[in-house]
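Notes follow once the structure below has been shown.
Structural data, given as structure tokens:
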């Protein structure tokens with residue numbers, strides 16, 4: 086889904102809230118969910134667990150038809166690499182997955198060598214805090 090998230094859909098993000106230490110995760114899945122508020126922890130209705138979410142600023146407008154806001158939610162499923170390192174995603178990553186260390190408010194992030202199951206490149210190490 087990262088390829089499906091357009092920069093203009095996340096332009097009103099002001100912060101990303103992480104519920105886990107993302108430095109230990111090779112990737113997170115991201116999606117744009119319809120939520121009733123700009124801020125606060127959203128309800129989570131998928132298998133697996135939510136690892137983070139975006140907060141929107143006051144200029145974010147709700148949908149005219151539903152009154153909801155499109156906000157990013159970051160999550161992992163039980164068969165993802167963090168809990169099943171030799172499983173389905175021992176190498177490669179789901180389509181909607183990105184390296185959490187490349188995410189920022191208003192930035193959709195990207196896949197990296199590490200998120201695809203390879204070693205962290207020196208270029209990515211240079212981006213880390």
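In my numbering, the protein residues as written are 86 to 214. Don't be surprised by glycine CBs; every beta carbon is placed ideally from N, CA and C. Computed from a prediction, not measured in an experiment: that's the story for all the values here.
- When C-beta atoms of the region 170-179 are compared with those of the region 120-140, fewer than three pairs fall below 8 Å, so the two segments do not count as touching.
- Counted as a single uninterrupted DSSP element, the beta strand (DSSP E) harbouring residue 100 occupies residues 98-103.
- Residue 97 counts as buried, since no fewer than 16 other beta carbons sit within 10 angstroms of its beta carbon.
- Using a Cβ distance threshold of 8 Å, residue 190 and residue 106 do not count as a contacting pair.
- Here the C-alpha atom of residue 162 lies approximately 16 Å from the C-alpha atom of residue 109.
- In the same chain as residue 94, and ignoring 5 residues on each side of it, the C-beta atoms closer than 7 Å to its own belong to 117, 155, in chain order.
- The beta-carbon distance between residue 114 and residue 182, rounded to whole angstroms, is 5 Å. This is short enough to meet the 8 Å contact definition.
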